Amino acid sequence: MEPIYLTIALDTPLDRLFDYRWLPADGCPVPEIGQIALVPFGRQEIAGLIVGLSHQTEIPADKIKTVLAVRHQCPALSPQWIDLCRFAADYYQRPLGEVAIPALPKNLRVPKATSLDRNLKKLAKLQLAHEHDATPNQEPTLNAEQQAAVETIASTTGFASYLLYGVTGSGKTEVYLQTAARVLATNSQAQILILVPEINLTPQLEGNIRQRFSGIQIATLHSGMAEGERLLHWLAAHTGQARIILGTRLAILSSLPHLKMIVIDEEHDPSYKQQEGLRYSARDLAVWRAHQLGIPVVLGSATPSLETWQHAKAGRYRKLELRQRAVQSAVLPVVKIVNTEREKPSEGLTQRLVTAIRLRLEKGEQSLLFLNRRGYAPVIHCDACGWISNCTRCTAHLVMHKLDKKLRCHHCSFEQRIPRACPTCGNVDLQPLGRGTQRLEEGLKVLFPDARVFRIDADSTRLKGSAEAAFDTVHRGEVDILIGTQMVAKGHDFKNLTLVAALNPDSALFSQDFRASERLFAQLMQVAGRAGRAGQREGGNPSEVLIQTRYPDHPLYHALMAHEYPRFADDLLEERQQAAMPPFIYQALLRAEARELETAIAFLQTASQCEPVHAHAGITMNDPIPMTMVRVHNVERAQLLVESNSRPALQAFLKNWIAELRSMKVRVKWGVEIDPVDI
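All the letters of the sequence shown, read from the start, carry residue numbers 4 to 682 under this note's numbering.
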């Protein structure tokens with residue numbers, strides 16, 4: 004038999020596909036497009052994706068290598084999935100292999116397929132254990148707004164983008180679940196993809212889904228899973244056995260042959276944007292994938308991103324509103340501003356906040372103190388000579404972690420023991436500056452010695468499963484005062500929580516990041532929404548939110564007090580339009596890293612001249628500048644911003660420009676990010 008030539012996408016920076024020869028063998032099936040092949044590449048053996056088949060090639064016989072193996076036991080990836088990867092590769096200006104291959108589980112890419120065979124056997128057993136009955140267990144009664152949303156989404160035929168805009172506690176999750184039940188009931192093979200922004204939000208939602216849909220198989224996909232477990236769940240989705248797939252941003256690139264609806268919960272969250280490797284937006288890819296397949300996509304949030312809000316205003320997305328909380332007796336918490344210029348805090352707490360916490364303790368209710376700064380103190384310093392604890396490898400401070408007796412950099416992970424004396428002058432009286440969650444916890448335990456004080460942040464939940472266990476502790480009512488960072492701000496339903504306090508949120512008001520106020524409003528609105536979700540108990544306290552600030556007259560806080568997101572968003576959109584900022588302009592960012600900042604800046608200066616901007620109408624190229632965090636891990640970083648009021652024009656320019664950059668021989672690490680979220 005004649006050999007067959009396979010065109011294969013490999014995970015390399017080279018923007019091309021590779022041809023290999025496949026020799027037919029007795030009893031061995033012919034390879035298919037979408038299958039995984041093991042091939043020699045240099046001195047390695049790596050996995051690639053077959054994207055083309057041919058019976059002839061122009062490559063000389065002595066130059067073409069032979070395929071080592073084809074993973075016939077794994078069903079081929081669909082043409083729609085390959086098209087999704089092609090779109091992502093084209094839009095984000097990356098080779099196809101750099102998109103498709105990392106999207107596959109690691110154990111599917113290794114030379115030996117023993118893990119694949121083992122998981123396929125497990126999958127067969129799981130299939131027998133599930134009856135594939137999509138009929139949900141008893142569903143809660145919906146209010147009129149929820150019912151209207153479910154009816155609208157479930158009756159959709161073809162592609163439609165819905166913004167499910169609902170106040171915190173309005174029952175958006177219930178809308179997702181009951182709509183999913185309708186879709187699953189009308190199609191015996193249908194799959195539903197539900198995305199959440201963070202890993203720690205998956206256990207609670209997964210528990211609700213499993214309880215509701217006990218008869219069908221559910222898959223979970225996120226980066227915190229062991230590789231073997233992730234492969235098993237990916238295969239369940241890929242073979243169509245799993246009917247509901249719950250995951251973080253990486254799940255948008257999973258293989259789902261019978262996908263019929265996509266849900267993006269908390270769609271505003273910046274965690275949906277990948278910040279390394281392929282810097283894709285899972286939210287944007289979800290909308291494109293829904294359009295590709297002709298299915299509905301639901302974007303849910305109490306504080307939608309300005310991009311989504313503008314799409315809804317322009318009619319590209321249909322807005323469905325939930326204006327009231329799902330629990331009839333639950334009302335939105337009263338938001339109050341505490342002026343810290345008048346009421347001076349002691350150990351970070353004003354007297355009004357201390358009194359409010361004590362009142363909750365007397366009633367047996369829970370309080371949440373939100374401080375988005377982990378560690379004990381952001382920095383320590385010496386009063387005698389002015390020394391401060393700077394990181395030697397980054398333009399950042401070393402954060403004091405008192406419990407570990409360490410100073411730690413949150414950017415490069417460098418750490419050292421807390422010095423007993425000032426390294427510069429020998430002064431032994433070193434003082435912490437500022438306040439982190441650990442210091443707040445210490446102060447609360449002194450102030451309320453009988454209260455059960457509990458802290459949830461990235462330091463207290465390092466171990467696998469520790470975050471889930473921590474939230475379970477709160478849900479069981481074993482915590483009186485909860486201290487948390489952004490981990491506790493969204494998605495969690497604390498039944499007995501009636502007081503939320505936000506400490507020191509002002510720094511975001513004066514950030515150079517033009518998105519800072521949008522993010523701060525979303526963060527505060529989300530954390531405020533944790534209060535009073537179960538309704539007011541008889542004799543209990545009304546739910547309350549206290550925001551300690553030095554700027555009580557700031558418009559952001561006034562909008563928050565009125566729970567007036569639409570007005571706040573419309574004002575921000577007007578400012579963005581006047582300033583020619585996203586979503587009214589499209590951006591790409593060229594970043595460069597080198598040992599010396601001058602080297603990175605010089606590369607960007609050269610890059611700005613290698614593709615004539617005047618040849619591309621509507622393109623603006625800004626000057627190279629150092630990044631806000633200039634040095635990380637002894638690497639100096641700079642950036643160059645490119646803008647256009649036309650997305651197609653920007654894409655056309657980038658295609659030519661990046662080709663020029665790839666031809667340059669430089670000792671600088673560089674990368675282009677499309678639609679950057681951090682500038």
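The C-beta atom is built at its ideal place from N, Cα and C for all residues, glycine as well. Nothing here was measured: the structure is a model prediction, and the numbers come from that model.
Taken through DSSP and simplified to helix, strand or coil, ALA583 comes out as coil. In the structure shown, HIS566 falls within a coil segment according to DSSP collapsed to helix, strand and coil. Rounded to the nearest angstrom, the gap between the Cα atoms of LYS498 and VAL186 is 30 Å.
Two segments are said to touch when three or more pairs of C-beta atoms, one from each, lie closer than 8 Å; by this definition the segment 359-369 does not touch the segment 198-206.
When only Cα atoms are considered, ASP483 and GLU445 end up about 15 Å apart.
Annotated three-state conformation of THR144 is coil, per DSSP.
The bridge partners DSSP lists for MET264 are ILE195. The beta-bridge partner set that DSSP reports for ALA380 consists of MET403. In this structure ALA28 is exposed. Its beta-carbon is surrounded by fewer than 16 other beta-carbon atoms within 10 angstroms. For GLU142 against ASP14, the beta-carbon gap comes to about 44 Å, at or over 8 Å, which does not count as contact. Contact between GLU148 and LEU335 does not hold, since their C-beta atoms are separated by about 15 Å, which reaches or exceeds 8 Å. In the DSSP secondary-structure assignment, SER370 is bridged to ILE484, LEU502.
Ranked by how close their Cα comes to the Cα of LEU281, the residues PRO34, THR311, TYR94, ALA399 have TYR94 in first place. Taking a cut-off of 8 Å for Cβ pairs, the segment 628-644 and the segment 571-583 do not touch, as fewer than three such pairs fall below it.
For ASN393, the three-state secondary structure derived from DSSP is strand. If you draw a straight line from the Cα of LEU80 to the Cα of ALA293, it is about 18 Å long. Taking a cut-off of 8 Å on C-beta distances, the segment 485-494 touches the segment 363-381, as three or more cross pairs fall below it.
For CYS385, DSSP records a beta bridge to LEU433. In this chain, ASP22 is not harboured by any alpha helix (DSSP H); it is covered by the beta strand (DSSP E) spanning 21-25. ILE421: not part of any beta strand (DSSP E); DSSP gives it neither H nor E. Assignment of PRO508 by DSSP, reduced to helix, strand and coil, places it in the coil class. Its chain contains ILE588, GLN590, THR623 as the residues whose beta carbon lies nearer than 6 Å to that of GLU646, once the 5 sequence neighbours on both sides are disregarded; these appear in chain order. Residue ranges of uninterrupted beta strand (DSSP E) with 3 or more members, entirely inside the segment 600-647 and ordered along the chain, are 622-624, 628-635, 638-647. Counting C-beta pairs with one atom in each stretch, the segment 506-517 and the segment 468-478 have fewer than three that are closer than 8 Å, which means they do not touch.
For TYR179, the uninterrupted alpha helix (DSSP H) segment begins and ends at 175-189.
In this structure, ASP268 is the residue among PRO273, LEU309, ASP268 with its C-alpha nearest to the C-alpha of VAL300. At the C-beta level, LEU196 and ILE265 come within 8 Å of one another. DSSP places ARG438 outside both helix and strand once states are collapsed to three, so it counts as coil. For PRO206, no beta strand (DSSP E) encloses it; the enclosing alpha helix (DSSP H) starts and ends at 205-215. Counting other Cβ atoms within 10 Å of its Cβ, MET667 stays below 16 and is therefore classed as exposed. With contact defined as three or more Cβ pairs closer than 8 Å, the segment 302-318 and the segment 568-575 are in contact.
ALA193 places its beta carbon less than 8 Å from that of ARG246. The residues GLU269, GLN529, in chain order, have a CB closer than 6 Å to that of LYS493 in the same chain once the five nearest residues on each side in sequence are set aside. Every alpha helix (DSSP H) stretch that sits fully inside the segment 296-329 and reaches 4 residues is listed by chain position as 309-316.
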